[in-house]
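K.L.:
One structure follows; several queries about it will come next.
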Amino acid sequence: MKWMNNLATQLLWSGEISNRAEKQVVADKLAAMVKDGQTIGAGSGSTSFLALQAIAARVQEEGLNCRVIPTSKEIEMSASILGLQVTSLMSDKPDWYFDGADEVDGGKNLIKGRGGAMYREKLVMSCAAQTYILVDQSKFVKKLGEKFDVPVEVQQEALHYAETQLGLLGANTVNLRLAEKKDGPVITESGNFILDCNFSEIGSDLEAKIKDLTGVIESGLFWGYNPEILSN
Ligand code: 5RP
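Each residue of the sequence shown is one higher than the one before, starting from 179 at the first, in our numbering.
Written out as structure tokens, the structure reads:
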């Protein structure tokens, strides 16, 4: 038996989707790559949300048998509403992974995590043999950090230690990400805080140095993962 109430049947997205038409073009390109029988890791954010809908349309029209491993509650809920089979890393390995990004440089390095889902995004990406990053033209930068800070997810009690250590790694500013429609900080799906860190220089060793700090769960810096970039 299926739930038929509004929240179980209507797709929700928080706010306007920026550059929606451009993102839709890339989402459709990605959906065209799905093959019957595949398990697909699904990233988070609005581009991934559009891609998931395009995949669901193909699954329904062509009767494809596909499973999806979501990286956030938002994508898990959407996949379920769209009638996709949802699974997890506990029982399945993704054939491939797709996701959006906030910034992409010339070496295909990324900043991600505007949506706060970078921990599960990096985990599912790491499990997949191939990753596709879906971006509209606004995401390309000469140098990482041009438009976005590097988000760092930290265990709550590590807040002050992490701020101090991130400063020693060269962060100009370290801001606790605050929630909208709730007082106080954003609490991630794993129960942690997010620190948005502004760095003037982001080098190839920064991701590892951040990850090495006690209390850091993950950062939104994706250096050297060599994804395939799909754009409009
Ligand atoms: C979420 C992410 C997103 O992939 C990134 O923020 C891009 O989002 P959008 O597709 O909405 O522009 O990393 O944690």
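For every residue, glycine included, the Cβ atom is placed at its ideal position computed from N, Cα and C.
Small disclaimer: the values here were computed from a predicted structure and weren't measured.
1) At a Cβ threshold of 7 Å, is K180 touching chain C?
2) Once the 5 residues before and after G345 are set aside, which same chain residues still bring their CB inside 7 Å of it?
3) Following the continuous alpha helix (DSSP H) through G345, name the residue where it begins and the one where it ends.
4) Between F371, E385, N370, which has its C-alpha nearest F377's C-alpha?
5) Tell me whether the beta-carbon of G398 lies closer than 7 Å to the beta-carbon of M303.
6) Taking the Cβ atom as the reference point for each residue, do I380 and G323 lie within a distance shorter than 7 Å?
7) If you drop the 5 nearest sequence neighbours on each side, which residues of the same chain put their C-beta closer than 7 Å to that of S316?
8) With C-beta atoms as the reference, is A205 less than 7 Å away from L185?
9) For S409, is the beta carbon positioned less than 6 Å from some heavy atom of the ligand 5RP?
10) Rounding to the nearest angstrom, what Cα-Cα distance links M179 and K286 in this structure?
P.N.:
Checking against the coordinates, here is how it stands:
1) Absence of chain C from the displayed structure is noted, only one protein chain being present.
2) V352
3) 337-346
4) E385
5) no
6) yes
7) N197
8) no
9) no
10) 45 Å
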